[in-house]
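S.K.: Residue numbers (our numbering): 711 to 978. Where is the CB? At the ideal position from N, CA and C, for every residue including glycine.
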Ligand code: GLU
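Rendered as structure tokens:
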């Protein structure tokens, strides 16, 4: 056992977030094998009595691979249209992953305004509780077609943190394309070391700022290490711990559960 596997063992309600660069292969297509393998790993946690909510990016990248000819179109309406196309592909991919296990999935699309409105928040919470109690796996994304720049949540790290708070989760796992938080930017420094535990989130944020280790957002995602640390700070304020780990390592969730996988644990 290590800190990460202990956190998972103790948690009953777990929110797991996938970034676009984790879900999509280098060809820009949703990685069906990764999704199917993840569903199996999640199922084994569900069989142990744990509850899972997924926050999934990937609408834009799935839209792009479907509508290749829109590649160069950068204006907001095309990006929103891409997300509208891609969200269907994304949910189709998730459904194909979970159906063989006899698990239903549900789509929840949220905007920043939804979290600011008490009635909507209550409805979202009740729906989440009902779905999960019935053994359904909710899959949350930002409602990109109605979210223009001014009203966007913007990145799914924040959305995942808000969802974890809304559902009163015990743990948030961010699956990204980095192994965790490093003491320097690993893309530029070969000797960068993985930080396995963070207890002082403000100090971690400051050191990232001063070292210029912003991690950088990937090609399709919007968040870098900064939004991940913001997410950690947000949920740690509610007493919820977070794990940041690489989502495309072989059977990444199983490895975290067994204590063989690496990552950064953000603990209070
Ligand atoms: N909602 C966006 C999508 O599904 C992703 C946002 C993010 O990468 O954080 O493409």
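Compute the minimum distance between the beta carbon of residue 872 and the heavy atoms of the ligand GLU, and state whether it is under 6 Å.
M.R.: Against the chain shown, residue 872 aligns to sequence position 162. No, since every heavy atom of the ligand GLU falls outside the 6 Å radius drawn around the Cβ of residue 872.
S.K.: Does the ligand GLU have even one heavy atom less than 6 Å from the beta-carbon of residue 962?
M.R.: Counting from 1 along the chain shown, the entry for residue 962 is found at position 252. For residue 962, the Cβ stays outside the 6 Å cut-off from all heavy atoms of the ligand GLU.
S.K.: Can you tell me the Cα-Cα spacing of residue 711 and residue 717, whole angstroms?
M.R.: For the purposes of this step, residue 711 is taken as residue 1 along the chain shown, with counting starting at 1. For the purposes of this step, residue 717 is taken as residue 7 along the chain shown, with counting starting at 1. If I take the Cα positions, the gap works out to 10 Å.
S.K.: For the 8 Å Cβ check, are there 3 or more pairs between the stretch 842-861 and the stretch 885-892?
M.R.: no
S.K.: Quick check on residue 787: does DSSP put it in helix, strand or coil?
M.R.: Reading the chain shown from its first residue, position 77 is the one you call residue 787. Helix, per DSSP.
S.K.: Let's test the definition: count the other Cβ atoms within 10 Å of the Cβ of residue 783 and tell me whether it reaches 16, buried, or not, exposed.
M.R.: Locating residue 783 in the chain shown gives position 73, counting from the first residue. The residue in question, residue 783, is exposed, as its Cβ has fewer than 16 Cβ neighbours within 10 Å.
S.K.: Quick one, which of 741, 733, 968 and 757 has its alpha-carbon nearest residue 722's?
M.R.: On the chain shown, position 12 is the one that residue 722 refers to. Here the closest residue by C-alpha is 757.
S.K.: Quick check on residue 948: buried or exposed, where buried means 16 or more other Cβ atoms within 10 Å of its Cβ?
M.R.: To locate residue 948, count along the chain shown from 1; it is residue 238. With fewer than 16 Cβ atoms within 10 Å of its Cβ, residue 948 is classed as exposed.
S.K.: Closest to residue 938 by C-alpha separation, out of 892, 806 and 753, would be which residue?
M.R.: In the chain shown, counting from the first residue as 1, residue 938 sits at position 228. It is 892.
S.K.: Quick check: is any heavy atom of the ligand GLU less than 6 Å from the C-beta of residue 805?
M.R.: Within the chain shown, residue 805 is the residue found at index 95, counting from 1. Result no, Cβ not under 6 Å from the ligand GLU.
S.K.: Taking 6 Å as the cut-off, is the beta-carbon of residue 769 closer than that to any non-hydrogen atom of the ligand GLU?
M.R.: The residue you call residue 769 lines up with position 59 of the chain shown. With a threshold of 6 Å, the Cβ atom of residue 769 counts as near the ligand GLU, since some heavy atom of the ligand is closer than that.
S.K.: Go to residue 1002, then tell me how far its beta strand (DSSP E) extends in each direction, as first and last residue.
M.R.: Residue 1002 is absent from the model: the chain starts at 711 and stops at 978.
S.K.: Could you spell out the range, first to last residue, of the alpha helix (DSSP H) harbouring residue 858?
M.R.: Your numbering for residue 858 matches position 148 in the chain shown. Element bounds for residue 858: n/a, residue is neither H nor E.
S.K.: For residue 851, write down the residues that DSSP places opposite it in a beta bridge.
M.R.: Counting from one through the chain shown, the residue named residue 851 turns up at place 141. Note: residue 851 sits in a beta bridge opposite 819.
S.K.: With 16 other CB atoms within 10 Å as the buried threshold, where does residue 866 fall?
M.R.: The count along the chain shown starts at 1 and reaches residue 866 at position 156. Label assigned to residue 866: buried.
S.K.: In the DSSP assignment, find the beta strand (DSSP E) that holds residue 975 and state where it starts and stops.
M.R.: By one-based count along the chain shown, residue 975 stands at place 265. Following the DSSP letters along the chain, one finds residue 975 inside the beta strand (DSSP E) bounded by residues 974-976.
S.K.: How far does the alpha helix (DSSP H) with residue 745 in it reach, from first residue to last?
M.R.: Indexing the chain shown from 1 puts residue 745 at position 35. For residue 745, the enclosing alpha helix (DSSP H) stretches over residues 742-757.
S.K.: Can you give me the start and stop residues for the beta strand (DSSP E) that residue 954 sits inside?
M.R.: The count along the chain shown starts at 1 and reaches residue 954 at position 244. Here the beta strand (DSSP E) through residue 954 covers 952-956.
S.K.: Is residue 898 helix, strand or coil by DSSP?
M.R.: Here residue 898 refers to the residue found at position 188 of the chain shown. Look at residue 898 here: in three-state DSSP terms it is coil, with no helix or strand label.
S.K.: Would DSSP call residue 938 helix, strand or coil?
M.R.: Residue 938 sits at position 228 when you count from the first residue of the chain shown. The answer is helix: DSSP assigns residue 938 an H, G or I state.
S.K.: On a CA-only basis, which of 911, 740, 961 and 968 is nearest residue 940? Give me that one, please.
M.R.: Your numbering for residue 940 matches position 230 in the chain shown. Answer by Cα proximity: 911.
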